[in-house]
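Visitor: In my numbering, the protein residues as written are 127 to 351. Built from N, CA and C at the ideal position, the CB exists for glycine as well. The structure under discussion is supplied below as structure tokens; questions concerning it will follow.
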Amino acid sequence: MSDLDSQTAYWDAAAATKRFTHPLHTPWLDGVGRSAAILDYGCGYGRTLEELEQQGFGNLSGVDTSPGMITRARGLHPAMRFAVLDTPPTLAWADASVDVVVLFAVLTCIPGDEAQRRLIGELHRVLKPGALLYLSDLPLQDDRRNRERYARFAEQYGTYGVFETSDGAVCRHHATDWFTSLLAEFETVDTRRTTVNTMNGHESAGLQILARKAASRHQAPPRRK
């Protein structure tokens, strides 16, 4: 993963102060056993894992590219398992070993198409057949402030929706059909729209997708009604 797609220095500098707010929709996990292996990719300081623990889940792991974020996570949650990703998106987990992957506000921090594809491919690898990917991220926004910065940075970064924040991060908001393309190897179980506050405090539209790795090559699971 390139420096632009990992931005480790930015996240280390921001680790002590940033607050993440994407909501965990717990009904989506009602059918998941409390001993299920759950991996939070891009766990930050462990907020979502703390919520999962409060729901009774006990087999929890978090990984992040930022040593600063992992240091904060370990300080807040000393009993949880956290690890720094040395060569993202490569994971130490074996093939088909994870029941649920949580991917909250991670794609927005990875500007490049190919880096996002590699990440989703790696998550697909570690998920068991029939296992779940719970994605929460940011689609393209309709407000003037965002439209102006999409246009301002489109030529520089080559993708409409990639922009620089006022404090030096490069982030991305996505066309909804990009999510469809990115998750082509998964079966969509459910989607929901939500409202989130970004890490810099701006109220934004969010999109959450619950997707399932096909149970077998020949038979996909039914969609949730």
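(1) With distances taken from CA atoms, which of L186, L245, H151, H300 is nearest T213?
(2) Would you say A331 and P265 are within 8 Å of each other, going by their C-beta atoms?
(3) Using DSSP's beta-bridge definition, name the partner residues of L309.
(4) Could you pull out every unbroken alpha helix (DSSP H) segment of at least 4 residues lying fully inside the segment 133-214, listed in chain order?
(5) Please report the residue range of the alpha helix (DSSP H) in which A105 lies.
(6) Going by DSSP in three states, L233 sits in which element: helix, strand or coil?
(7) By DSSP, does S334 sit in helix, in strand, or in coil?
(8) Residue range of the alpha helix (DSSP H) that N272 falls in?
(9) Express the C-alpha separation of N185 and H203 in angstroms, rounding to a whole number.
(10) I'd like to confirm the pairing. Which residues does DSSP put opposite L261 in its beta bridges?
(11) What number of angstroms, rounded off, separates the C-alpha of R350 from the C-alpha of R160?
(12) Please report how far the alpha carbon of A310 lies from the alpha carbon of D269, in whole angstroms.
(13) If H300 and L259 are in contact, beta carbons under 8 Å, what's the gap, nearest whole angstrom?
(14) Leaving aside the five residues before and after R200 along the sequence, list all residues of the same chain whose C-beta is less than 7 Å from its C-beta, in chain order.
(15) Measure the alpha-carbon distance for L130 versus V189 and round it to whole angstroms.
(16) In three-state DSSP terms, what is T291?
(17) Quick check on the burial criterion: 16 or more other C-beta atoms within 10 angstroms. Buried or exposed for D166?
(18) In chain order, what residues of the same chain have a beta carbon less than 8 Å from the beta carbon of E237, not counting five sequence neighbours either side?
Guide: Well, looking at it:
(1) Ranking L186, L245, H151, H300 by Cα distance to T213 puts L245 first.
(2) With contacts defined by Cβ atoms closer than 8 Å, A331 and P265 form a contacting pair.
(3) L309 pairs with nothing; no bridge assigned.
(4) Counting only runs of 4 or more residues that sit fully inside the segment 133-214, the alpha helix (DSSP H) segments are 134-140, 173-180, 193-202, in chain order.
(5) Residue 105 is absent from the model: the chain starts at 127 and stops at 351.
(6) Of the three classes helix, strand and coil, the one that applies to L233 here is helix, per DSSP.
(7) A small correction: the amino acid at residue 334 is Gln; Ser does not occupy that position in the sequence shown. Looking at Q334 - three-state DSSP - the assignment turns out to be strand.
(8) Counted as a single uninterrupted DSSP element, the alpha helix (DSSP H) harbouring N272 occupies residues 270-283.
(9) Spanning the two alpha carbons is a distance of roughly 14 Å.
(10) Per DSSP, L229, I335.
(11) With a pLDDT of only 45 at R350, under the threshold of 50, the placement of this residue in the model should not be trusted; the figure read from the coordinates follows. Computed Cα separation, rounded: 21 Å.
(12) Cα-Cα distance, rounded: 29 Å.
(13) With a Cβ gap of about 16 Å, H300 and L259 do not count as contacting.
(14) Answer for R200: F208, listed in chain order.
(15) Our two residues, L130 and V189, have alpha carbons roughly 19 Å apart in a direct line.
(16) In this structure, T291 counts as coil in the three-state DSSP scheme.
(17) Label assigned to D166: buried.
(18) Sequence check: residue 237 is Pro here, not Glu. Correct list, in chain order: L130, D131, Y283, T285, V288, V296, C297, R298.
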